[in-house]
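Quick note: the sequence shown uses full-length UniProt numbering, first residue 1, plus one each step.
Think of the CB as a built atom: it goes at the ideal place given N, C-alpha and C, for glycine as much as any other residue.
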Amino acid sequence: MSIRDWPAAERPREKLLEHGARALSDAELLAIFLRTGVAGVSAVDLARQLLLDFGSLRALLEATQPDFSRRMGLGPAKYAQLQAVLEMSRRHLAERLRRESALESPQAVRDYLKARLRHEPHEVFACLFLDSKHRVLAFEVLFHGSIDGASVYPRQVVKRALAHNAAALILTHNHPSGVAEPSQADQLLTKRLQEALALVDVRVLDHFIVGDGEPLSLAERGLM
Numbered sequence: 001m002s003i004r005d006w007p008a009a010e011r012p013r014e015k016l017l018e019h020g021a022r023a024l025s026d027a028e029l030l031a032i033f034l035r036t037g038v039a040g041v042s043a044v045d046l047a048r049q050l051l052l053d054f055g056s057l058r059a060l061l062e063a064t065q066p067d068f069s070r071r072m073g074l075g076p077a078k079y080a081q082l083q084a085v086l087e088m089s090r091r092h093l094a095e096r097l098r099r100e101s102a103l104e105s106p107q108a109v110r111d112y113l114k115a116r117l118r119h120e121p122h123e124v125f126a127c128l129f130l131d132s133k134h135r136v137l138a139f140e141v142l143f144h145g146s147i148d149g150a151s152v153y154p155r156q157v158v159k160r161a162l163a164h165n166a167a168a169l170i171l172t173h174n175h176p177s178g179v180a181e182p183s184q185a186d187q188l189l190t191k192r193l194q195e196a197l198a199l200v201d202v203r204v205l206d207h208f209i210v211g212d213g214e215p216l217s218l219a220e221r222g223l224m
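Shown next, in the form of structure tokens:
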């Protein structure tokens, strides 16, 4: 049966307009993105099958272009549309964060860092550079690979902080395993960077670790 033949209250688009996007399942949201199904398969049923094939909505969103495009009902055009949607989301979160103080909008910081780092297949280390009122100046990925004391160079972090004329910053890195618990190396690195940046009067406000759930704050844990 075509979605057009469903009761209006059960159609994903009408349901979204009536109750908001949060009321929809992953399959219903994906069906709206797909717009149409394939021969004999509705957009919702196709969305359900794709979620089963990929294992989760996150896995689908983070799929490579070749893996994405060889699935039923998908292709390069859909992949390009999806990447555009994801980038618009990241830019929206960045604009929202720039309008507010990072310290007064901790959820906005978490949402932005999660959007930027959660999909990375390998560890990356980045900084959110802030002005004296803790408004965002820039976000930069500075290092790739295993994050430990040997792979993150305080001198480079200090150099970039001075280049942005930052008064403060927020450190962040991801754990591709999905487990955001801080390691001993994470804590030692944070301390080294705090000490190095203090020499040029730049405050380290927090260090967020991005995993599968909400980014973990070392400051909230009392670890810095």
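Output the distance between the C-alpha atoms of A45 and E10, rounded to the nearest integer angstrom. Here the sequence assigns Asp to residue 45, which means Ala is not the residue at that position. Their backbone Cα atoms lie some 13 Å apart in a straight line.
Using only the alpha-carbon positions, how far apart do A23 and P12 sit? 10 Å
Which whole-angstrom value is the C-beta distance of L169 and L128, which I expect to be below 8 Å? In this structure L169 touches L128 by the C-beta definition: roughly 6 Å separates them, less than 8 Å.
Please report the straight-line C-alpha distance between R70 and M88, rounded to a whole angstrom. 25 Å
Looking at the structure shown, is T36 part of a helix, part of a strand, or coil, going by DSSP? coil
Buried or exposed: which applies to V179, given that a residue is buried once 16 or more other Cβ atoms fall within 10 Å of its Cβ? exposed
Exposed or buried, which one is G37 when buried takes at least 16 other CB atoms within 10 Å? buried
On the CB-based measure, 16 or more other CB atoms within 10 Å of its CB, does S217 come out buried or exposed? By the 10 Å Cβ count, S217 comes out buried.
Helix, strand or coil for R48? Go by DSSP, reduced to three states. helix
Alpha carbon of L50 to alpha carbon of R58, nearest angstrom: 12 Å
Mind checking which residues open and close the alpha helix (DSSP H) that includes R155? 154-163
Kindly indicate which residue of V136, Y153, V141, K133 has the alpha-carbon position closest to the one of Q194. Of all alpha-carbon atoms in V136, Y153, V141, K133, the one lying nearest the alpha-carbon of Q194 is that of Y153.
Smallest Cα separation from P121: which of L29, A39, G145? G145
With DSSP as the reference, identify every bridge partner of A180, one or two as the case may be. A180 pairs with nothing; no bridge assigned.
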